[in-house]
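Take 1 as the starting number for the sequence shown in the UniProt record's numbering and just add one per residue.
By construction, the Cβ of each residue, glycine as well, lies at the ideal position given by its N, Cα and C atoms.
A short write-up of the structure that comes next.
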Amino acid sequence: MIRDGCLEMDLNLLQALERETVLEVLQRDKLLRTIEEERIRRMKHELQELRRKGAKSFARQYGERTCARCQRPLGKFWNSGAVCRGCSHRICSKCRVGVGAADWKCTVCHAYREVKIRSGEWFLEERAKRFPVTTGLFTIFSHQAWTSGLYISIVPPTPPPHFDDSVWNRSLVK
């Protein structure tokens, strides 16, 4: 039976040793999930701190050419900064992290990417893009169509467009 998104099991059907083993596995799973949630929460907190430190303050006056992360002034020729592809901010060379052979991201975009990778959020987002959740009447209809074998539709071929012969002939004569 499923209640509140959780599967309920009747452990009374199992023997005592089997029941203990199942309960141990469930307790270990709960502990691992708690540890994983804490790890992800800590990574997200560190990302928020990095964003907060790297944000420009409205109280201070900044020049046009300052690093968006460390607020150091950027030069005209040396360390003139470059625009991050992730956030479109101008970043100095010290606030960049190499990604791949020739690409780079700013420290905040890199940390955001790392959080997505380590937490598995990238997988969930890609899965949601490829397999959108359908709810309501459409889901019920599609399930009924699938189970009854109505999911195959036979569509007759589309006939070619009809041209008026008189118009076609006049255009050829001119």
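Under the rule that 16 or more other beta-carbon atoms within 10 Å means buried, what is residue i, buried or exposed?
{"i": "Leu74", "result": "buried"}
{"i": "Lys105", "result": "buried"}
{"i": "Ala128", "result": "exposed"}
{"i": "Ala16", "result": "exposed"}
{"i": "His45", "result": "exposed"}
{"i": "Arg33", "result": "exposed"}
{"i": "Arg19", "result": "exposed"}
{"i": "Arg130", "result": "exposed"}
{"i": "Arg96", "result": "buried"}
Please list the terminal residues of the continuous alpha helix (DSSP H) segment that includes residue i.
{"i": "Lys76", "result": "From DSSP, Lys76 is part of no alpha helix (DSSP H); its letter is neither H nor E."}
{"i": "Arg96", "result": "Here Arg96 belongs to no alpha helix (DSSP H); instead the beta strand (DSSP E) covers Arg96 to Val99."}
{"i": "Val25", "result": "Ala16 to Gly54"}
{"i": "Arg127", "result": "Glu121 to Arg130"}
How far does the beta strand (DSSP E) with residue i in it extend, from its first residue to its last?
{"i": "Cys106", "result": "Asp103 to Cys106"}
I'd like to check one pair, residue j with residue i: are the Cβ atoms closer than 9 angstroms?
{"i": "Val115", "j": "Ile35", "result": "no"}
{"i": "Val108", "j": "Arg65", "result": "no"}
{"i": "Arg72", "j": "Gly54", "result": "no"}
{"i": "Ala111", "j": "Leu47", "result": "yes"}
{"i": "Met43", "j": "Arg118", "result": "yes"}
Would you say the beta carbon of residue i is closer than 8 angstroms to some non-hydrogen atom of the ligand GDP?
{"i": "Leu14", "result": "You won't find the ligand GDP in this model; it holds no ligand whatsoever."}
(message) With a threshold of 8 angstroms, are at least 3 pairs of Cβ atoms found where one atom belongs to the stretch 10-19 and the other to the stretch 85-96?
(response) No: the two stretches stay apart, fewer than three of their Cβ pairs being nearer than 8 angstroms.
(request) Count the CB pairs spanning the stretch 102-119 and the stretch 76-86 that are closer than 8 angstroms, and state whether there are at least three. (result) Touching, yes.
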